[in-house]
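If you're matching positions, the sequence shown starts at 12 in the numbering used here and goes up one per residue.
In what follows, a structure is listed as structure tokens, so that the remarks can point back to it.
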Amino acid sequence: MYVSSGRMKRKTKDQLIKELESLKERLSKLEYSDTERKKVIKALSESEAKYRLLFDSAPVGIGIADLEGNIIDANRTMQEMSGFSLDEYRAIGVEATYADPEERKFLLNSLREKGKVRDWEGRLKRKDGSEYYALLNTDIMELKGRKLLLAIIRDISQSKRNEMALNAALAKAQEEKNKSEAIIAALGDGIIIQDTDYKIIYQNQIQNDLYGDRTGEICYKVYEGRDNICEDCPVERTFRDGKIHRSERKIATDRGDFYFDLTSSPLRDSNGNIIAGIKVVREITGQKRMEHTLRESEEKYRRLVETLMEGIWVLDKDANTTFVNPRMAQMLGYTVDEMLGKHLFSFMDEQGRENATRYLERLSQGIKEQHDFEFVRKDGTRIYASLETSPIIDENGNYSGAIAAIADITERKRDENEKNRLLKAMASSTDGITICDEKDRYIYVNEAYARIFGYSQEDFIGETWRKITPSDLITVVEKGLEDTLHNKDTGVFKGEVPGLKKDGGTVPTEVMATGLWDENGNYNGHICIVRDITERKRAEEKLREGERFLETIFASIQDGIGIIDKDMNIISINKTGESWYPHAMPLVGKKCYEAYHNRKERCELCPAWETLKTGKSAYKEVPRHGPGGKQVGWAEIYSYPLNDMITGQMNGVIEYVRDITERKRMEEEIKQSEEKYRLLIENIQEGVFVIQDAKMVFVNKAIAAISGYSIEEIIGMDFHSFVAPEDLEMVQDRYYRRQRGEDVSSEYEFHVLRKDGEKTLVNMSVGIVTYLGRVASMGILKDITEQKRAEKLIKESEEKYRNLVELTTDIIYMTDKNSKHVFMNDAGLRILEASPEEVIGHHWSKCIYPEDREKSVQKFREMIENGTDVFDFENRYISKSGKVINVLHNIRILRNEKGEVIGTQGIARDITERERSAEALRLSNLVVENSQTVLFRWKAQKGWPVEFVSNNVVQFGYSAEEFLSGALLYVTIIHPGDLERVLKEVRTHSERGDDRFRQEYRIIAKNGAVHWIDDRTVIEREKDGNITHYQGIIIDITERKHTEEAIRKYNKELEESNRMKELFTDIMHHDLLNPLNVAHGYVELFLEDEKDLRKKSHLETIKRNLVKGMDLIDNATKLSKLKSLESIGFEDIDLKIVVTEVIENLTPLAVNAGMSIENNLKTRLPVKANRIIEDIFTNIIINAIKYAPQGKRIVVRGTEEANSCSVRIIDFGEGIKDPEKKLIFERFNRNEKKGVKGSGLGLAIVGRILQLHNGRIWVEDNPEGGAVFVVQIPKS
């Protein structure tokens, strides 16, 4: 009854728990879904706001309309461009915005045909009625099944006006062309035109005179002697961006360094494509030498000019500030906005206000004056200034304010110091510098000037330039000075002049003189810079010698050059060109497209034809063809008009052809390489950051990932926030020391403190940079947490493998190229009983047993000669004491990168025991052959043919030969009644993928006897899973099967006996208790009526014995039934409730015995149990009441442990002796105590109930006297 009731309750409770958990899970998912939906809505809202901001902030107009012309949206730029608001746009529609409706129709037709329009120019209307030119790019896009137009619009009105102005100017430019050509011819600078392959296609006469005609040659080869483009080539930069660029070149010669200024500009065709670069070459050697000399002076002059800037201050008539320039605000430490509107008196002290009042009064009277004044700066400091003040008079002649030019006198003094330093710089210049008065007399000469001419500085003072001019040139120089230096409109003399030295010799000099003029236009003298150009003259001679060398290079040009007439017939071609088309020779006289491309008509991409049509040069990249018109490469062709020098009429075309097959291939490789590196850079894992003023001002995504913050959160944060506390002091110290310019390590490790509080170990490389004009720290951060973990693992792995080498029992050794040991581990030394000195440095054969040495050396030699690098072989070692050890070697030949043998590495295993084991195996096989276990190996084929069977199969009457010959299949000996089951089980295990299985079935011996066998089979499979064999052992278990059958019969008899015992018990319980209950009833009736005390005492004795007999029969019945149970049903029970109920039921019994029961169970004691556990605690407490009344009390305590709950029942009686602590749980064992009656079955029942619960019970001594019964019941 308890079992079935418990199961029903547990099922209902489990269902409720599962339903509750399911409900909680669904609620959790709904909460999570709602949270995620809110996150998505928030993210979408933020994203919509972000993209709306981008939409409105775009610098171009963006409009969206449907195909019917309704405007849906227009960004802010679009609205500002046209003057229409978005609502006005939506009201008027697209059509009303076009100046010409026909243009809109054309645009719509193009959209319908192509789905998009690119770079369409048209006129649109503004709200005020004016028109503007617009450039449109329009696409049709689909949004939620609706087709819309997306238009990007740019206002190009200004560019259109510029275009019209340009067209008007082109005519005039043509008129100026001839003038320009004449000017170019007269320029003193070299002019070169290069095509996009840097081939020279034009030189002016100056360049020809310097280098000879280099047309057709590569510029960097001719001028620089290089094989590739020069660094910082201005032409290369012009080709890249189409802009004018400049650079300088330095050429070293034995006469010194020469400098040239190179200016490049693009030359474009009619389509605006760059077809060549124009380079102007100007020698600036003199200028560079002057620059070198005056570089420091120039810097000082620049500072001087900057400090001479004056402040401007304008006041109204009430002395309020109406204007100040930035310099004025800077002088006083304010911003311009801070000064505007403030009264003059706000910038001075009390004394200054008194002085200023007088000055303002004089200004109001129209008086101009200059005076010094003291102002108070914003920070409280004082500044002295010099003021030039003037009153401002309005058109009516009234005073309306004042203006002042203000200079900081302190800066003026600094300027004077700068001038003194400048004079010192001039004195130390390597170029000669002089200053002359209005009569050209020397008033200053530096040391370098005097040294050039061999005089002292004092020799020049008061003299003129005639002192160092040869007499035959004085008249010429005078005339030249009148036209240049002494002419106010020119004011400059520049040229080369031979100078007369003190010793009578001459020196070539380069002279640059600048006239000094006062405000009235009077000549006040000049400043002159003179440079000794002796070395440059020598260099020029060297350059002329190089011209002949360059002419030789030009003669060997390797590109194709051809000339065709107006009918596209080839009239000339150089040898390089002929070498490309040997299959079409002769070329002259044939059509170019026929000879070069095997075509019958003109090519579609033909630069020569374009030149013939336009009269201009052209360029194309075209396929190059071989025999049969097959493409064999690529060529680039430059075509130039061939004009008659007299008539100017074009007679044909010059084609310049270069084979670019390799370049095309490289371009494709470069394209792929660029894509690869772009992806690499975009996915860089290292963090990059910039710190300025201890704040994070730039980070990349990797930094955000490392720190756990977003990029937006990081920007502006103090870098200290990202450093773990234990590393903060070190990181701060290095940061501030690096900022001070101290030598600090640029790379170190520290822990980053992440947003979530976790720490990440990083490696940082950092340095000082200039970021946005200010000093900053820039670095790279790499998360090395995993790296450090890997290093630790590697270190541990190295240590492990080092230990393995040292701890392994195998011999590990290495030899050098001379076969001498360089290493042997401890195991090897131990086996050989040798020290390292006795092995290392000695030939390996020294360790080999003498009889094996020759064959071992021969084996090594054969392996090396055969090229075998890894091999095994066996031989014997001999130890120091003469012990012989059998070893198996695994040897690897070590070679260098050239394949030469540099040594060996080997592992030798002691196989002495293995040899002994082999012998033992032979003995084992002999044992198997003589045992009852038969070994089989079957093929996985029909009938299971036998591939191997041990000879002891003869115990079943068969010989091994009968199976191995194939005459007898294994399935034929399986009992017919078991065959179908055996086959099915084998098939099931095979298909399921099992590796092994076990069966019991019958086989028929040769004499017809039936034997039971135990078959233990292993399945052999190939790599693909196919079964090839079954291998196993069969053991004759016939006797065991007979025994099992006998046991089954005996068990059946026992079951019947138990059933009869239970029937007898029930009969005994019923038939014995009934008469006892009747007798008990009569005794109680007799006791009520009996007055005789002696007879009443006898009746009490009879009653006690009847109760004892009834208890004995009841307990015996209960114990008998418990003994017959194998298991009982369990349910969730709280021991606290069960024990508390027992205590409440037994409290009256305890009170009658003069005792109390203390219930100290405070918390739940959950277990899986049957309700019969009440009997456990009832029996124990009743026993305590019976056997320990002198203790006056019983204490009950409980504890919950990990896997069980325990209840301790403590009495304070006489206790239980150790020998009896186990016996009391056996039947009919009880402590004998006077006056205490019992059957001796109570604790036996307790023990059996706990067995059924897999629980425990034991007795301990109570330290205060008495016994402690401990009951332990599992939770599950």
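Yeah, the Cβ is synthetic: ideal placement off N, Cα and C, and Gly gets one too.
Quiz item: Which class does PHE882 belong to by DSSP, given the choice of helix, strand or coil?
Solution: Reduced to three states, the DSSP call for PHE882 is strand.
Quiz item: Within this structure, are the beta carbons of ARG165 and GLY253 separated by less than 9 Å?
Solution: Their beta carbons are not under 9 Å apart, which means ARG165 does not touch GLY253 by this criterion.
Quiz item: Does the Cβ of ALA418 have 16 or more other Cβ atoms within 10 Å, making it buried, or fewer, making it exposed?
Solution: Under this definition ALA418 is a buried residue.
Quiz item: Applying the criterion that 16 or more other CB atoms from any shown protein chain within 10 Å of the CB defines a buried residue, is SER590 buried or exposed?
Solution: By the Cβ-count criterion, SER590 is exposed, with fewer than 16 other Cβ atoms from all chains shown falling within 10 Å of its own Cβ.
Practice problem: Could you round the C-beta distance between ILE378 and ALA396 to whole angstroms and report it? I think they count as a contact, below 8 Å. | Solution: Contact flag wrong, Cβ pair sits at about 19 Å.
Quiz item: Does DSSP put SER1167 in a helix, in a strand, or in coil?
Solution: In the structure shown, SER1167 adopts extended strand secondary structure according to DSSP, grouped into three states.
Quiz item: With respect to the beta strand (DSSP E) encompassing PRO1177, which residues constitute its N-terminal and C-terminal limits?
Solution: 1177-1180 is the span of the beta strand (DSSP E), which, as asked, contains PRO1177.
Quiz item: Count the other CB atoms within 10 Å of the CB of MET152; is the residue buried (16 or more) or exposed (fewer)?
Solution: Within a 10 Å sphere around the beta-carbon of MET152 sit fewer than 16 other beta-carbons, which makes this residue exposed.
Quiz item: Relative to the C-alpha of ASP837, which residue among LYS828, VAL850, SER830, THR826 is closest?
Solution: Comparing Cα positions, the closest option is VAL850.
Practice problem: In angstroms with no decimal places, state the Cα-to-Cα distance between ASP921 and THR820. | Solution: Roughly 8 Å between the two C-alpha positions.
Practice problem: Decide if THR400 is buried, meaning its Cβ has at least 16 other Cβ atoms within 10 Å, or exposed. | Solution: THR400 should be labelled buried.
Practice problem: Taking GLY491 as part of the alpha helix (DSSP H), name the residues at either end of that continuous run. | Solution: From DSSP, the alpha helix (DSSP H) with GLY491 extends over 485-494.
Quiz item: Apart from the five residues on each side of it in sequence, which residues of its chain come closer than 6 Å, Cβ to Cβ, to THR274?
Solution: Closer than 6 Å at Cβ, skipping near neighbours: ARG257, VAL291.
Quiz item: With contact counted as at least three CB pairs below 8 Å, one residue from each stretch, are the segment 280-294 and the segment 626-640 in contact?
Solution: Short answer: they touch.
Quiz item: Is the Cβ-Cβ distance between ILE1184 and LEU1157 less than 9 Å?
Solution: In this structure, LEU1157 does not lie closer than 9 Å to ILE1184 by Cβ.
Quiz item: Using the C-alpha atoms, what's the distance from SER1167 back to ILE1231?
Solution: The sequence shown places Glu at residue 1231, rather than the Ile named in the question. Straight-line Cα distance between these residues: approximately 26 Å.
Quiz item: Do you know offhand how far ARG373's Cα is from SER170's?
Solution: Each residue's Cα considered, the two are about 55 Å apart.
Quiz item: For ARG266, which residues of its own chain have a beta-carbon under 6 Å away from its beta-carbon, when the five flanking residues on both sides are left out?
Solution: GLU546, ARG549, ALA550.
Quiz item: Taking just the CA atoms, how far does MET656 sit from GLN468?
Solution: So the two alpha carbons sit approximately 59 Å from each other.
Practice problem: Kindly confirm or deny that the segment 910-917 and the segment 883-897 touch, where touching means at least three C-beta pairs closer than 8 Å. | Solution: With a cut-off of 8 Å, the segment 883-897 and the segment 910-917 do not count as touching, because too few Cβ pairs lie within range.
Quiz item: So, helix, strand or coil for TRP476, using DSSP?
Solution: In this structure, TRP476 counts as helix in the three-state DSSP scheme.
Quiz item: Does DSSP put THR264 in a helix, a strand or coil?
Solution: Of the three classes helix, strand and coil, the one that applies to THR264 here is strand, per DSSP.
Quiz item: Pick from GLY1253, ILE1227, GLU1169, LEU1146: whose alpha carbon is nearest that of GLN1283?
Solution: The shortest C-alpha to C-alpha distance from GLN1283 to any of GLY1253, ILE1227, GLU1169, LEU1146 is the one to LEU1146.
Quiz item: By DSSP, does GLY1092 sit in helix, in strand, or in coil?
Solution: GLY1092: helix per DSSP, three-state reduction.
Quiz item: Which term fits THR879, buried or exposed, when burial requires 16 or more other beta carbons within 10 angstroms of its beta carbon?
Solution: Sixteen is the threshold: since fewer than 16 other Cβ atoms of the shown chains lie within 10 Å of the Cβ of THR879, the residue is exposed.
Quiz item: When the Cα atoms are used, what is the spatial distance from GLU678 to SER684?
Solution: Their backbone Cα atoms lie some 10 Å apart in a straight line.
Exercise. Please state whether DSSP places SER846 in a helix, a strand or coil.
Key: Secondary structure of SER846 (DSSP, three-state): coil.
Quiz prompt | Of the listed residues VAL868, LYS602, GLY571, nearest to GLY588 (C-alpha basis) | solution = Nearest option by C-alpha distance: GLY571.
Practice problem: Could you tell me the distance, in whole angstroms, from the CA atom of LYS1286 to the CA atom of VAL1149? | Solution: In a straight line, the C-alpha of LYS1286 is about 15 Å away from that of VAL1149.
Quiz prompt | CB-CB length for LEU78 against LEU160, believed under 8 Å | solution = Confirmed, Cβ separation roughly 7 Å.
Quiz item: By how many angstroms is the C-alpha of LEU899 removed from the C-alpha of ASP863?
Solution: Between ASP863 and LEU899, the C-alpha separation is close to 13 Å.
Self-check item: Nearest-angstrom Cα separation, counted from ILE544 out to GLY465
Solution: Going from the Cα of GLY465 to the Cα of ILE544 covers about 16 Å.
Exercise. Using the Cα positions of SER756 and ALA735, report the straight-line distance between them to the nearest angstrom.
Key: Our two residues, SER756 and ALA735, have alpha carbons roughly 19 Å apart in a direct line.
Exercise. Label ALA619 either buried or exposed according to how many other C-beta atoms from any shown protein chain fall within 10 Å of its C-beta, with 16 as the threshold for buried.
Key: Counting the other Cβ atoms within 10 Å of the Cβ of ALA619 gives 16 or more, which makes it buried.
Quiz prompt | Assumed close pair ASN609, GLY573 - CB separation to whole angstroms, cut-off 8 Å | solution = Rounded, the Cβ-Cβ distance is 17 Å, inconsistent with contact.
Self-check item: Delimiting residues of the alpha helix (DSSP H) encompassing LYS1233
Solution: Segment 1231-1234, the alpha helix (DSSP H) holding LYS1233.
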